[in-house]
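Residue numbers (this note's numbering), protein chains in the order written: chain A, 3 to 517; chain B, 3 to 517.
Glycine is no exception: its CB is placed at the ideal position from the N, C-alpha and C atoms.
Keep in mind it's a predicted model, so treat the numbers as computed, not measured.
Worksheet for the structure shown next.
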């Protein structure tokens, strides 16, 4: 019917178009897999208007997953995640081997991976954290390749730069429509922000959205847009909302923690940055969360407001927003159900990707505008280096998270930890594993006082003037030795079981197998 | 101070990390231009926390714009745009030559480009449309390279695929903060959705946000996120909101247009797709807009709702949303002030990028789920090919827009045009320029009846059953000849002045210089 006006021959004479193709037909250049599977005579029936497939297995087949590929997951459901094991179990049944799992983090929900590493289905793990049995197995050297530990910003950088090429991303979504528009705020089981998943969706070769709540098109909001989704799978249960809140987000009545929280506030107010429009992130951990309470009391007293709060967002942050004490919450991960519900309800509770949150790979991340970050630590050494990944026994047990991202970029990074935990000192000569370099740690608040990095003479002067209980790192370390003595040195073998990347992709430390 | 734990030497023995770098320092791998310009001893002062530069000239210098580069602009302010000419005037003063301008479209605000083409500052134009003096000059062969005409979806595809590499995007924003978070809904002059700009921001090498309304950090919403912005420039006036509404978005009292609009509604209801949850896009043009009114009356009567409406969004669409007759508006361009205000106020009035709207380069665009699109035309030929770019005199005068994107993907594309305009017939033997291929055009509604593409026998049967006034293309053409006679053939030279790309990047037609 159509008269062809343009030929490739004719284009050879057009400046700038010498190598281009002439038009053939409306869908001639549309890849086959993006079209509907039909023999219909009606051209319009060839447009694919539904991405639902019958099962995870069918999605895996259509994605053509092969041995050695990289599959990715997010951990927004934390301990309540059901998807990762469902997918890996299915891949195991299908006989796929040597997979690399690139997860934003791994939790107690993923202990089943030990068996799949033993049987060869999985041979590489890349994650922010590992916990429980799986962490112990990794520390014992179960993996063929060393595990890779990245910060949240570091993972976004690695994915956007191509250091980590994801073949197929499996994204648990609280709800999705037939085209793949998905979010974590509508559905049977909500998880709140899909901040980590956004990065995978943008960069993975194939994207499979898995949900237990299929909604009418178009789903709202479009945290994961249809433009990035290949297939949609509906399952009975994608995750358990109750798993979001973990021990690490508990509140405290511990007098020691409250004392430290109060000191953190004093550090903040003495710094000169506690003024109208300041910004902050608090980590998880009792003392960090208590800080939010004290900050709220103080800003009410001073009649000022925060510009934004960042990070893993918790209920107390949502209170600040809803009571008008902060203009915007940037939420890359909702740390409790209050936050998960709020991100779907409050427009100024903004879901942001891990890239926006903290990546060094873009033109500036939200962490770059932080005035304060309050962080916890497993170990801090006399060079101010921080360990948040391995225990004092040398075994992997926790997560890198946004620790080094925020410490590196905030105007003032405040570490808070009790000087001793049981018979162990937090302040030691040399941390078991460096996650956050000491040069980026500005202040350490313990139950024994406030310790300032010698690189921050400006703060030392301000804190002296404010009468804060200053104690040097050397004094603090000596105090620890008096209280609990010298720890026994851990004996490591030479085998590297994990590599710890700094947020820029360089290797800041390795974790070796414990003897 | 820090003990270096890892060396490149050591990494050579770690599987998968043989070629990686050891950590050096917190900002060792951060590109220089992303850091603050400071000699401060305080490490934290080296984080760049402000992207504002003093002038457009300074931004241009920092972006290192050189002869032959590609700079891009959006046309959300339409005839009210002030930025493009400001930038090109500045570049001219700086002596830069042979620039390629990749604009989402060009309007009457850009007639000044003629002088800059004449003086060699600009030698290439890529755009959806060209109008007025500039269009005439292009048709007369003023450019060294042929102009490139793309659909909105085609432009997004070309940019995301790398066919068009943007060196520097200059993005007019109604408001921005010091880090570049920008939008079109807050500020002195709003323009609504920044749908086209989103694509440029994501893919351009450098991004300069220009605004007349600097707001406190963080700006909300973040239509353009800080992660994509290099520099922010504050100027007196970035655009005039009153320029958004152009002649093409006027309402009609013309009885002929109302008749056609009514016929379009009859086509929609007779198609079988006018059921609860259907979706539509209406273009601009009197009859198209009148359709929205009739659709509203009909869905009220039937007590059904639209799932979504798409496109350039107009006031009548906002009414549908606010009165609950449509679940979601996807807005890639706000066609009037009512729409521009609504996209900032109504959460279900969703700002979407031109990529989400219509690109063939992603995994599915919003156009893929359209049931109906109602479009206007300058010329339609007996093969149903449509011209929306050149006049009957062969001179460029309008824009490709989302015409071929929506016609190609909607279940039913409905073209509406009066059979004659003055002494000219809309229905002709061969359109002057093919923008939308006839195989994607399903129905043509004129004041003389309803004409169905013979490829859609399914619709012909349905419309017969509904008693619609069907008329074949041959009958329609014969009628036109009776009314206005045969048009005089336009005489073209062999010189190609513009290339028309189909949405997939193939060349569907060229426009030649008129003799």
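Bridge partners of residue i, per DSSP?
{"i": "residue 335 of chain B", "result": "B:314"}
{"i": "residue 171 of chain A", "result": "A:74 and A:209"}
{"i": "residue 235 of chain B", "result": "B:55 and B:212"}
{"i": "residue 241 of chain B", "result": "B:83"}
{"i": "residue 383 of chain A", "result": "A:430"}
{"i": "residue 151 of chain A", "result": "A:129 and A:502"}
{"i": "residue 511 of chain B", "result": "B:502"}
{"i": "residue 103 of chain A", "result": "A:73 and A:127"}
{"i": "residue 226 of chain A", "result": "A:184"}
{"i": "residue 138 of chain B", "result": "Note: residue 138 of chain B sits in no beta bridge, so no partner."}
{"i": "residue 330 of chain A", "result": "A:310"}
Assuming residue i and residue j make a contact with CB atoms under 8 Å, what is their CB distance in whole Å?
{"i": "residue 141 of chain A", "j": "residue 499 of chain A", "result": "6 Å"}
{"i": "residue 168 of chain A", "j": "residue 104 of chain A", "result": "6 Å"}
{"i": "residue 340 of chain A", "j": "residue 317 of chain A", "result": "4 Å"}
{"i": "residue 240 of chain A", "j": "residue 61 of chain A", "result": "In fact, because the Cβ distance is near 14 Å, the residues do not count as touching under 8 Å."}
{"i": "residue 434 of chain B", "j": "residue 492 of chain B", "result": "7 Å"}
{"i": "residue 116 of chain A", "j": "residue 144 of chain A", "result": "7 Å"}
{"i": "residue 196 of chain A", "j": "residue 185 of chain A", "result": "7 Å"}
{"i": "residue 1 of chain A", "j": "residue 361 of chain A", "result": "Because chain A is modelled from 3 through 517, residue 1 of chain A falls outside the range shown and cannot be assessed."}
{"i": "residue 212 of chain A", "j": "residue 85 of chain A", "result": "6 Å"}
{"i": "residue 311 of chain A", "j": "residue 418 of chain A", "result": "In fact, because the Cβ distance is near 17 Å, the residues do not count as touching under 8 Å."}
{"i": "residue 151 of chain A", "j": "residue 430 of chain A", "result": "Residue 151 of chain A to residue 430 of chain A, Cβ: 20 Å. No contact."}
In the structure shown, what three-state DSSP assignment does residue i receive?
{"i": "residue 250 of chain B", "result": "Its pLDDT being 48, under 50, residue 250 of chain B is placed unreliably in this model, and the value from its coordinates should be taken loosely. Three-state DSSP puts residue 250 of chain B in a helix."}
{"i": "residue 15 of chain B", "result": "coil"}
{"i": "residue 377 of chain A", "result": "strand"}
{"i": "residue 280 of chain A", "result": "strand"}
{"i": "residue 159 of chain A", "result": "helix"}
{"i": "residue 7 of chain B", "result": "coil"}
{"i": "residue 265 of chain A", "result": "helix"}
{"i": "residue 347 of chain B", "result": "helix"}
{"i": "residue 371 of chain B", "result": "helix"}
{"i": "residue 124 of chain B", "result": "strand"}
{"i": "residue 357 of chain A", "result": "helix"}
{"i": "residue 22 of chain B", "result": "coil"}
{"i": "residue 298 of chain B", "result": "helix"}
{"i": "residue 516 of chain B", "result": "strand"}
{"i": "residue 495 of chain B", "result": "strand"}
{"i": "residue 108 of chain B", "result": "coil"}
{"i": "residue 291 of chain A", "result": "helix"}
{"i": "residue 270 of chain A", "result": "helix"}
{"i": "residue 49 of chain B", "result": "strand"}
{"i": "residue 201 of chain A", "result": "helix"}
{"i": "residue 27 of chain B", "result": "coil"}
{"i": "residue 37 of chain A", "result": "strand"}
{"i": "residue 178 of chain A", "result": "strand"}
{"i": "residue 390 of chain B", "result": "coil"}
{"i": "residue 166 of chain A", "result": "coil"}
I want to check one thing, is the minimum distance from the CB of residue i to the heavy atoms of the ligand PLP below 8 Å?
{"i": "residue 168 of chain B", "result": "No copy of the ligand PLP occurs in the structure displayed, which carries no ligand at all."}
Within 8 Å, do at least three Cβ pairs link the region 114 to 134 of chain A to the region 325 to 334 of chain A? no
What are the start and end residues of each continuous beta strand (DSSP E) run of 3 or more residues lying completely inside the region 394 to 422 of chain B, in chain order? Counting only unbroken stretches of 3 or more residues, the beta strand (DSSP E) elements lying wholly within the region 394 to 422 of chain B are 414 to 418, in sequence order.
Unbroken beta strand (DSSP E) runs of length 3 or more, entirely within the region 415 to 476 of chain A: which are they? If only complete runs of 3 or more residues are kept, the region 415 to 476 of chain A shows the beta strand (DSSP E) at 445 to 448 and 451 to 454, in order along the chain.
Tell me whether the region 366 to 382 of chain B and the region 405 to 424 of chain B touch, counting them as touching only if at least three CB pairs, one residue from each stretch, are closer than 8 Å. yes
Sufficient close CB pairs (3 or more, under 8 Å) joining the region 388 to 407 of chain B to the region 260 to 273 of chain B: no
Evaluate contact between the region 153 to 164 of chain B and the region 348 to 362 of chain B, counting only Cβ atoms and requiring at least three cross-stretch pairs below 8 Å. yes
Given 8 Å as the limit, is there contact between the region 493 to 508 of chain B and the region 447 to 456 of chain B, that is, 3 or more CB pairs closer than that? With the cut-off at 8 Å, the region 493 to 508 of chain B and the region 447 to 456 of chain B do not touch.
So, does the region 172 to 187 of chain A touch the region 230 to 244 of chain A, judging by three or more C-beta pairs under 8 Å? yes
Does the region 203 to 223 of chain A touch the region 14 to 34 of chain A, meaning 3 or more C-beta pairs lie closer than 8 Å? no
For the 8 Å Cβ check, are there 3 or more pairs between the region 69 to 80 of chain B and the region 214 to 223 of chain B? no
Indicate whether the contact test is met: 3 or more Cβ pairs, each with one atom in the region 6 to 22 of chain B and one in the region 48 to 64 of chain B, closer than 8 Å. no
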